[in-house]
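What follows is a set of notes on a single structure, which appears directly below.
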Amino acid sequence: MRTNWNTKGRIIFSVIFFVLSTMLLALCCILYPDSVSSGPYLNSAHGDSNYGVNRSATATFGYAKGNCAHCHEQHASIGGSEPAPAGGSPSRYAIFADNFISQTDDFCFYCHRGIGSVQVLFSRTNYNYSYWFGGDTVNHATPNNIYDAFNPVLGSSHNLQDILNFVKTKWPETFKDESNPCNACHNPHLAQRGYPVVRPTDRNNIWGDSASEHMSDYATAHGGLYQAPYRYNSTTTYEPDGSGTTDGSNVPDYITFCSDCHNATNVIYSTILGRNLSYINWANPNRTYLQAGDYHGSITRCFDVDGNSGGQWKTCGCIKDDSYGFASGFCRGAPVDAAGCCLYNGHTVNAPVWWGDIKPPYKTANYPNFILNCTDCHEPHGAVHGNGTTTPYLLRKTVNGHYNKQCAGGPGNPCTWEEEFCRSCHHHRNSTEQTYIPEFDRTITSDGWHCGGPGNCLNCHNHNAYAKCYACWWCATPPIGGTPGHTF
Amino acid sequence: MSFIEDRSQASDIEKMRLKVKAKNKGLWSSHSVFFICSIVIALWGYALQLEANVTGNCSNCHTMHNSQNGMSVAVDRSMYGTPPYGNLLKDTCVGCHMATNGATWKDPFTGAPIVFNTSAPQYGASSGGGPKQGLAGGNFYWVAAAGGNDPTKGHNVWGISGQDPNLADAPGAQNIHWGCATPTCHQTLATNPASTTSPPNDNRHKNGCEGCHLYVSHHTDSGCYRYLCSHGYPGDASHGIRGAGDPNWESNPSSTTHNTYIAAAGQNLLSWGYGNISAFCAGCHWKFHTLDTDPNNGIGIGSPWFRHPTDVVMPASGEYSVYTIYSLIAPVGRPEGNFPADPSQVRPGTDMATCISCHRVHGSPYFKMMRWDYKSSTLSTALSGCNECHTSKN
Numbered sequence: 001m002r003t004n005w006n007t008k009g010r011i012i013f014s015v016i017f018f019v020l021s022t023m024l025l026a027l028c029c030i031l032y033p034d035s036v037s038s039g040p041y042l043n044s045a046h047g048d049s050n051y052g053v054n055r056s057a058t059a060t061f062g063y064a065k066g067n068c069a070h071c072h073e074q075h076a077s078i079g080g081s082e083p084a085p086a087g088g089s090p091s092r093y094a095i096f097a098d099n100f101i102s103q104t105d106d107f108c109f110y111c112h113r114g115i116g117s118v119q120v121l122f123s124r125t126n127y128n129y130s131y132w133f134g135g136d137t138v139n140h141a142t143p144n145n146i147y148d149a150f151n152p153v154l155g156s157s158h159n160l161q162d163i164l165n166f167v168k169t170k171w172p173e174t175f176k177d178e179s180n181p182c183n184a185c186h187n188p189h190l191a192q193r194g195y196p197v198v199r200p201t202d203r204n205n206i207w208g209d210s211a212s213e214h215m216s217d218y219a220t221a222h223g224g225l226y227q228a229p230y231r232y233n234s235t236t237t238y239e240p241d242g243s244g245t246t247d248g249s250n251v252p253d254y255i256t257f258c259s260d261c262h263n264a265t266n267v268i269y270s271t272i273l274g275r276n277l278s279y280i281n282w283a284n285p286n287r288t289y290l291q292a293g294d295y296h297g298s299i300t301r302c303f304d305v306d307g308n309s310g311g312q313w314k315t316c317g318c319i320k321d322d323s324y325g326f327a328s329g330f331c332r333g334a335p336v337d338a339a340g341c342c343l344y345n346g347h348t349v350n351a352p353v354w355w356g357d358i359k360p361p362y363k364t365a366n367y368p369n370f371i372l373n374c375t376d377c378h379e380p381h382g383a384v385h386g387n388g389t390t391t392p393y394l395l396r397k398t399v400n401g402h403y404n405k406q407c408a409g410g411p412g413n414p415c416t417w418e419e420e421f422c423r424s425c426h427h428h429r430n431s432t433e434q435t436y437i438p439e440f441d442r443t444i445t446s447d448g449w450h451c452g453g454p455g456n457c458l459n460c461h462n463h464n465a466y467a468k469c470y471a472c473w474w475c476a477t478p479p480i481g482g483t484p485g486h487t488f
Numbered sequence: 001m002s003f004i005e006d007r008s009q010a011s012d013i014e015k016m017r018l019k020v021k022a023k024n025k026g027l028w029s030s031h032s033v034f035f036i037c038s039i040v041i042a043l044w045g046y047a048l049q050l051e052a053n054v055t056g057n058c059s060n061c062h063t064m065h066n067s068q069n070g071m072s073v074a075v076d077r078s079m080y081g082t083p084p085y086g087n088l089l090k091d092t093c094v095g096c097h098m099a100t101n102g103a104t105w106k107d108p109f110t111g112a113p114i115v116f117n118t119s120a121p122q123y124g125a126s127s128g129g130g131p132k133q134g135l136a137g138g139n140f141y142w143v144a145a146a147g148g149n150d151p152t153k154g155h156n157v158w159g160i161s162g163q164d165p166n167l168a169d170a171p172g173a174q175n176i177h178w179g180c181a182t183p184t185c186h187q188t189l190a191t192n193p194a195s196t197t198s199p200p201n202d203n204r205h206k207n208g209c210e211g212c213h214l215y216v217s218h219h220t221d222s223g224c225y226r227y228l229c230s231h232g233y234p235g236d237a238s239h240g241i242r243g244a245g246d247p248n249w250e251s252n253p254s255s256t257t258h259n260t261y262i263a264a265a266g267q268n269l270l271s272w273g274y275g276n277i278s279a280f281c282a283g284c285h286w287k288f289h290t291l292d293t294d295p296n297n298g299i300g301i302g303s304p305w306f307r308h309p310t311d312v313v314m315p316a317s318g319e320y321s322v323y324t325i326y327s328l329i330a331p332v333g334r335p336e337g338n339f340p341a342d343p344s345q346v347r348p349g350t351d352m353a354t355c356i357s358c359h360r361v362h363g364s365p366y367f368k369m370m371r372w373d374y375k376s377s378t379l380s381t382a383l384s385g386c387n388e389c390h391t392s393k394n
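Protein chains in written order, with our numbering: chain S, 1 to 488; chain D, 1 to 394.
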């Protein structure tokens, strides 16, 4: 039965609807007053009324969480005296301590540290990227604050003085001697938990929160696809949020962000390394010898997901055995002979893997051109020594769901942290899987090495390595025997 | 026909016509001068709004014998001593400028602006629907006993409230107190202004209201805005504060009807003569205003500042460029001689923050005499005043 409103009914309904809507709106205003007029600062982590900045000394005065006074003392004193931390002279930007002195004495560290923090309480601990976005809450209980992340024992971290030196030279209109190097990447008035960064070239806009600022956008724009790594200990959930999303539409495009500094032209001196950093050209799709670029970036891979330039692994049941192969297992390429033996050298291995081939979820995705995000491999602040290993280049300890432990040593066990690191995504020697090394035409189970020497993957496989060793000949033209190419 | 007029041959009628014309011309000329002068004076008066001297019956303020029908006329303000008061006054500063209710903003007999209501003021600007804050300078209600006796909500002035228990000195004061013996007005306004020992009870050293309002010449204009004269007066009235006042002292202000105070870019030393209100405040709160490279003695000399700058031109770029409509929550100061035709206009690149952009000098309902509730538990309210200038920090 169809019901028709008469005029009176419509009026009554309209009035009731209007009144209820108004009451609901008013209720929202009462319950969430800050949301009513919130702007970029009130939406930021520091300006959040529930978990924002809250210096203990100024909280005592009664200032709300997120109040300017927690960082800025407009007159360098409150109530005629200087709230803690006291001491020293008034500081520029009217903040309660000097902006930047050294790697261990930075304004941000007054709150973002462990013991001695002046923040009343952190509702969310500043664990590292591997913890929050890699999902490894087991192995990354430390560092649990930014100060420790920047000051690791036997680890690596962004050198704050180097950052300041670079940015104030590169963008002198933005960064000055008295600037805080943290501000090269963060705007404390904008930074959000999920979107903490701004580009140094665009400091008034959060990076990564808008359309076209995600990793999926970057990959598409550069002729590739993004595959999210696994979350820790999972083969069904993915970084950064533990969802099933794999295309990078839920993670900021850190390539563009980081490339403001780390690109193909900027000269960045590293005090720690004692040299300029390697150039990084993530955008160049051309694998031409001596032309910058990386396979992990926009260069299309020349090996298939099995690590070869052609052919696929086939299961085989060969009766033939040799010093390397197995009676049954897998061989590369097709066809197999009537006896079930691989026609290619007759070599079989117990797992269809080659030296360097890629693991799931990349192998499963099988995209022709994977473009990785910086944070897939790097911690943004610092990589802390853990489990007896050092972690150079801010590399993550947990990558693609795999925690890289200290090597046990001995046959079959990779004994460098780099090997462990690379094995997060690539097959390499270990005690359980043989791998085939095409350039030596042999399978290796332990202690194998090739031109870079045992275990030191990073000697050859690093950013912008476009003229490296034998292995890179594989992708040259013609295959094998050509000129060296790219090894990363 | 000759084109040359021979006046000698003109008829008598014509002569008379010319004579009248000439007379009229002279009359018009003198009228025009008077008219123009009137306009100039009116505009000048409007622009500067010099302190109007008091009018009305003498007995409104004075008593010749302090006796009427055998009764004392002067109000007994025991804190000030025994009436009658000096200059045959019937009452004290506080007595004349206070009201025993919350509604009165102007004394009905003397016309004096009320700066101290013993009930919460019901007039003036408010911030975000908060309490009314009284006239332009605020109100002493909240710092007085009637309003809660909160020393953080107003200047502690003799006759209104006791000395601030939290502050031994004026915040930001130079340690030397300008060479004055202590306590001085540069240290506290809450000591007895009748003291003749230390400091001497003259116009240079009084405390109480006259710690700030020097040379309160109610019979003649002092030349100083709100009698905010400096020690240089008399003899040099230019050493006082200048500005343009709302005729109703902001009892009912709007963005178009409000006081306007002088701000003087770069004149952040205590260099009198620029009429800037912030320099006057710096007499006691020196470090909060003075340009100095020494962070322990001033605000710095350029961005990034050590302390929040005053008398520094608000940038015309970035977040500041959006502040274009005059805010009663965080009003700007103007360069002298460069007021906008539209008083509701704010001009980033020209106008400046002053001390009273954030503070009500007499008192306010809020911590540290702020014009808005900077200590509100609702963060958007707490930052509302900041956001008038810092528009991207909302």
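C-beta atoms are modelled at their ideal positions from N, C-alpha and C, and glycine is treated no differently. Treat the numbers as computed from the prediction; the structure is a model and nothing was measured.
Between Y129 (chain S) and R396 (chain S), the CB-CB gap stays under 8 Å.
Taking a Cβ-Cβ threshold of 7 Å, the residues of chain S close to N166 (chain D) are G79, G80, in chain order. Any Cβ of chain D closer than 8 Å to the Cβ of N67 (chain S) would place that residue at the interface, and such an atom is present. Residue ranges of uninterrupted alpha helix (DSSP H) with 4 or more members, entirely inside the segment 188-232 of chain S and ordered along the chain, are 215-221. The residue from D:T256, D:T118, D:S327, D:T354 with its alpha-carbon nearest to that of S161 (chain D) is D:T118.
Its Cα nearest to that of M98 (chain D), the residue D:L135 stands out among D:M64, D:T82, D:L135, D:H65. Linking E336 (chain D) to P181 (chain S) through their CA atoms gives a straight-line distance of about 41 Å. For chain D, the residues of the segment 92-114 of chain S that bring a beta carbon within less than 7 Å of one of its beta carbons are R92, Y93, A94, in chain order. Judged by DSSP secondary structure, A365 (chain S) falls within the alpha helix (DSSP H) whose first and last residues are 362-365.
In the three-state DSSP reduction, N276 (chain S) falls in the strand class (E or B). F109 (chain D) sits away from V94 (chain D), with the two beta carbons spaced by 8 Å or more. For W305 (chain D), the neighbours in chain S by C-beta distance under 8 Å run, in chain order, R92, Y93, A94. Y85 (chain D) is bridged by DSSP to D:L89.
If you look at I255 (chain S), you'll find it in the alpha helix (DSSP H) that goes 254-259.
Rounded to whole angstroms, the gap between the alpha carbons of T256 (chain D) and F339 (chain D) is 12 Å.
When secondary structure is reduced to three states using DSSP, V138 (chain S) falls in the coil class, being assigned neither helix nor strand. G62 (chain S) belongs to the set of residues whose beta carbon lies under 8 Å from a beta carbon in chain D. Neighbours of C386 (chain D) in chain S, taken as residues at a C-beta separation under 7 Å, are given in chain order as C68. Between T300 (chain S) and the set S:A57, S:E82, S:P90, S:T487, the nearest pair of CA atoms involves S:T487. Rounded to the nearest whole angstrom, the CA to CA distance from E250 (chain D) to D48 (chain S) is 35 Å. Of D:S127, D:P151, D:N87, D:I325, the smallest CA-CA separation from F367 (chain D) is found for D:P151. Assignment of N117 (chain D) by DSSP, reduced to helix, strand and coil, places it in the strand class. Boundaries for W158 (chain D): no alpha helix (DSSP H) harbours it, and the DSSP string shows neither H nor E there. Between the beta-carbon of D247 (chain S) and that of Y226 (chain S) there is about 6 Å, and that keeps the pair under the 8 Å contact cut. At a cut-off of 8 Å between C-beta atoms, Q74 (chain S) counts as an interface residue with respect to chain D.
Residue contact with chain D for G47 (chain S): present (Cβ-Cβ distance below 8 Å to some residue of chain D). Under the DSSP definition of a beta bridge, D292 (chain D) partners with D:G300. By the criterion of a C-beta distance shorter than 8 Å, F61 (chain S) is surrounded in its chain by A69, I78, G79, P83, once the five residues flanking it on both sides are discounted. Rounded to the nearest whole angstrom, the CA to CA distance from D107 (chain D) to V332 (chain D) is 29 Å.
In this structure, the CA atom of V75 (chain D) is about 35 Å from the CA atom of T260 (chain D). In the pairwise beta carbon analysis, the segment 239-249 of chain D is classified as not touching the segment 310-322 of chain D: fewer than three pairs are separated by under 8 Å. In the DSSP assignment, D148 (chain S) falls within the unbroken alpha helix (DSSP H) covering 146-150.
C-alpha of S234 (chain S) to C-alpha of G401 (chain S): approximately 6 Å in a straight line.
Checking the DSSP bridge columns, you'll see T7 (chain S) has no partner listed. Per DSSP, the unbroken alpha helix (DSSP H) holding W132 (chain S) starts and ends at 129-132. Counting only Cβ-Cβ distances below 9 Å, S123 (chain S) has no contacts in chain D at all, with the closest Cβ about 15 Å away.
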